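Each remark here refers to the structure printed beneath this line.
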Amino acid sequence: MPPAPAPAEGKPPGFPARLLELAEDLRAEGVAVGTSELLDAFDALGEVGWGHRLEVKESLAATLAKSSEDRRIFDLVFERFFFRAPEAEALDREVSEQDSALDAGGAELDLAQLRERIAQAIREGDDAALRDLARLAIAAFGRQGEGSGVIGVDVQRIRRALELRSADGRAREPRSVSRGDAVELPREALRRFEAHLRRELERDAIERAKRLPPSRPLNELDRALPSGPLQDLAAVHRVVAQLKRRLATQGHSTRGRRRHQQVDVRRTMRASLQTGGVPVVLKYRPRRPRRPEIYVLCDVSTSVTSASVFFLSVLHALHDNFRKMRSFVFIERISEVTEIFARERSFKAVSEAIGRDAGVADISGYTDYGRVWTEFIAQVEDDLHPRATVIVLGDARTNGRDPRADVFAQVAEKAGRTFWLNPEPRLYWNYGDSVIAAYERHCRAFECWTTGQLEEFVKALTRYDP
Amino acid sequence: MAAQPSQSRTSSDHPPSSVSDIADGLRAVGYLPGESTALVSYLATKLGKPVLVEGPAGVGKTELAKSLSRYLDRRLVRLQCYEGLDEAKALYEWNYRKQLLRIQSEAADTGWSAVQDDIFSEEFLLPRPLMTAIAAEEPVVLLIDEIDKTDQEFEAMLLELLSDFQISIPELGRIEARTRPVVLLTSNNTRELTEALKRRCLYLWLDYPALEHELSIVKLHAPELSDTVARKLVEIIQMVRDLDLKKPPSIAESIDWARALLLLGADDIDADLFRETMSIIVKHRTDLDTVAERVGVQLGGLAGATGSGAR
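Just so you know, the sequences run in chain order A and B.
Residues in the first sequence are numbered consecutively from 1, following the working numbering.
Residues in the second sequence are numbered consecutively from 1001, following the working numbering.
Shown next as structure tokens:
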């Protein structure tokens, strides 16, 4: 690990300014850093030593980032910030690492030796050596003249050229023996080495260009988009668990007198017979929890392919949490999939089953919202009542067909509340064949394609009363 | 609350002087802290700020508080939160019966104001955990467990306590802390806590530990287990955690499993043994099926592979 740059560089009077800059960066990424947090950070830094990079970072994290999501962003921003700060300084003073002795050494090493040394450094957990080796690897690799210029691609090429392989890629066998001559390393260590490679490549790029690349805001995609359904299912589940609490406590949430139990006069009188008509023992009305009843309609057509994995995982999580819930998927026609969710537990099995026999294999593959509403209302007309909630997941792109907003209005009217979650950014709404405006009159529409936005929706649920 | 005599030899007047100090201390009382855990605990004792500990169930959030209390040699005051918890159960309550008795026994000849002053004094106060922690003579460790289970109103009530370490009682006035307690709040992250609460706390995110770390935890709690079995056990646990389960196994469950294997005298974990003891680490029927399918098969395959390799 490179020596903690900023503390060494900036004398104490300069450091508070640095910390404020870091806070600015964090705010720009949406982490709420208040003045009191900053004061805490200074207090905390007063208690730990300067020399230890990890301690400084952790104290800043403990005081500035107040949720696991914030913590992730903090880590990214911290790395970016303290990488850029010394680089800018080095550019100013025209310091270069290009012609150090290290790189000269790199030219003489061949890949096999290098691989050996990297494996050793990883085994010993020597971070400083790893960094040097990353430089060597880049030098050795650069000699072959294959740099693509794209850092992410280069990192992977170097890794492959060195035949470094993650040991637990396939089966996590205890103490795996290396087969062939490829070196197998713990995934974690390999990731660390790749981080070094990336960093050194960036440094080279900066030195070549003689200027810092523009500071790039963290991509929304870097953060929370559930791209791999399995790993992010947990996040969706957590949000939906919140959703459940919100829906369940709604209406009977403790307000005013309802907070207390109500006396059941009839039963109290009956009980008072035992004591000669004096109501000694009070009988209370049992509190009946409100059971939310949910109807979810989920678009699975091709126009929402990327979002439908996310939607399906939302559906999946909803099913985990709600008893009284019916779900439907639709493309051109509608099909009820409540049973599949009840039967299958694993997410993969569910999505396969829906793809296979949910009866949505339509002829055209284009969404027909008008038809969907008509069919939906025919199926559930008698069951819809004012306590039910209807949630539609879809992009409202009708492919030029009649949106039949009047039928949708009927649905919305019969149900207590109707929500629309649209996987497209609001910017694209009502462009082309999107007719969300027609439906938005009858329901509340939300932009929703990350777990963060799903949480926003859940929050909005509590504020909104029919 | 009067201090117990055993606590008079308390070590709390020489708090830890460095991060490694507290890490060693926690290790000595049987808790293996990660680096950030030790650091945040250190900051908590130094800065006197409450710590909000979040993480999945069973990663040792509550255990951290217990260990801290053991290490600092302070009494642990615990408030378990649940939906509908109110201040009468968390802060203080007036002892109505005693007040009534008092009024009755003095009824005739005392003036009303005398009685009124009398019955709203500390004598008639029933201290609940938060009050106990504040009023204790010796500094304590206050654990507010599962804060996310309470309502937002309760959180708001905590704010005064957490930032100023004082409680306002309308009839009595302000009660200020005699000593600074170390406060830990735990949350399973089922609900977003309010910004106001978070702002007053240091934040610590505890996650499932890395392989080596968990291995040393298991070894600490089941020292007789052989190294190979312990390592295999932890590797399986980590594998199971990667599956999409309703309830992934926690550290507590790996320890339970290790102990069970000890009792069974197992010297290797094969597919059969795994199938039989699986219910210790997996607690949902549907999860059981998933794990049996995915891990069981893999174990079987591995056994075959290593078997043929040895031959």
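Just so it is clear, CB atoms sit at the ideal spot from N, CA and C, and this is done for glycine as well.
Just so you know, these numbers come straight off a predicted model, no measurement behind them.
For PRO16 of chain A, there is no enclosing beta strand (DSSP E); the residue is part of the alpha helix (DSSP H) that begins and ends at 15-28.
Taking a Cβ-Cβ threshold of 7 Å, none of the residues of chain B is close to SER351 of chain A; the smallest such distance is about 12 Å. In terms of Cα proximity to LEU1206 of chain B, the closest of B:GLY1034, B:LYS1232, B:LEU1026, B:ASP1227 is B:GLY1034. With respect to the 7 Å criterion, LEU1184 of chain B and ALA1271 of chain B are not classified as neighbours on the basis of their beta carbons. At the C-beta level, ASN1189 of chain B and GLU1106 of chain B stay beyond 7 Å of one another. About 36 Å separates the CB atoms of THR1045 of chain B and VAL1240 of chain B; that is not less than 8 Å, and the two are not in contact. DSSP places SER1105 of chain B in the helix class (H, G or I) of the three-state scheme.
Boundaries of the beta strand (DSSP E) harbouring GLY1173 of chain B: 1173-1176, taken from the DSSP string.
The residue among A:TRP449, A:PRO425, A:ALA412 with its C-alpha nearest the C-alpha of ALA438 of chain A is A:ALA412.
Check the Cα spacing between LEU1233 of chain B and each of B:ASP1244, B:LYS1219, B:ARG1128, B:ARG1285: the tightest is with B:LYS1219. The beta carbon of GLU455 of chain A sits closer than 6 Å to those of VAL239, all from its chain and outside the five residues before and after it, given in chain order. Taken residue by residue, none of the segment 75-86 of chain A has a beta-carbon sitting less than 8 Å from a beta-carbon on chain B. By the neighbour-count criterion, in which a residue is buried when 16 or more other Cβ atoms sit within 10 angstroms of its Cβ, MET325 of chain A is buried. Cα atoms of ARG159 of chain A and HIS196 of chain A: separation of roughly 12 Å, rounded to the nearest angstrom. Residue burial annotation: VAL56 of chain A is buried, with at least 16 other C-beta atoms found within 10 angstroms of its C-beta. If you keep only unbroken alpha helix (DSSP H) runs of at least 4 residues inside the segment 1143-1211 of chain B, you get 1152-1164, 1195-1199.
Rounded to the nearest whole angstrom, the C-alpha separation of THR1037 of chain B and LEU1204 of chain B is 7 Å. Taking the Cα positions, VAL280 of chain A is about 24 Å away from ARG1102 of chain B. Neighbours of LYS66 of chain A in chain B, taken as residues whose beta carbon is under 7 Å from its own, are LYS1198, TYR1203 in chain order. Listed by position along chain A, the residues whose Cβ is nearer than 8 Å to that of LYS1049 of chain B are ASP40.
Taken in chain order, the members of the segment 1024-1039 of chain B whose beta-carbon sits within less than 7 Å of a beta-carbon on chain A are GLU1035, SER1036, LEU1039. Runs of the alpha helix (DSSP H) spanning 4 or more residues and lying entirely within the segment 377-432 of chain A occur at 405-414, in chain order.
Ranked by how close their Cα comes to the Cα of GLY432 of chain A, the residues A:GLY452, A:ALA378, A:ARG401, A:ASP406 have A:ARG401 in first place. Taking a Cβ-Cβ cut-off of 8 Å, the neighbours of ARG71 of chain A in chain B comprise TYR1203, TRP1205, given in sequence order. Your pair ILE1251 of chain B and PRO1223 of chain B does not check out as a contact, with CB atoms roughly 16 Å apart and the cut at 8 Å. Per DSSP, the beta bridge partners of VAL263 of chain A are A:TYR284. In the DSSP secondary-structure assignment, ASP299 of chain A is bridged to A:PHE330. Following the DSSP letters along the chain, one finds ARG441 of chain A in no beta strand (DSSP E), marked with neither H nor E. As DSSP reads the structure, MET325 of chain A sits in a beta bridge with A:ILE294. Contact annotation for SER36 of chain A against chain B: ARG1199 [CB-CB distance below 7 Å, chain order]. If you check the CB distance, PHE322 of chain A and ILE294 of chain A come in under 7 Å.
Chain-ordered listing is empty here: chain B has no CB closer than 9 Å to the CB of THR450 of chain A, the nearest sitting near 15 Å. Within a 10 Å sphere around the beta-carbon of ASP406 of chain A sit fewer than 16 other beta-carbons, which makes this residue exposed.
Segment contact: the segment 1168-1181 of chain B against the segment 1016-1030 of chain B, fewer than three CB-CB distances shorter than 8 Å; contact not assigned. Taking a beta-carbon distance threshold of 7 Å, GLU194 of chain A does not count as an interface residue toward chain B. Between the alpha carbons of ARG27 of chain A and PHE457 of chain A lies a gap of roughly 22 Å.
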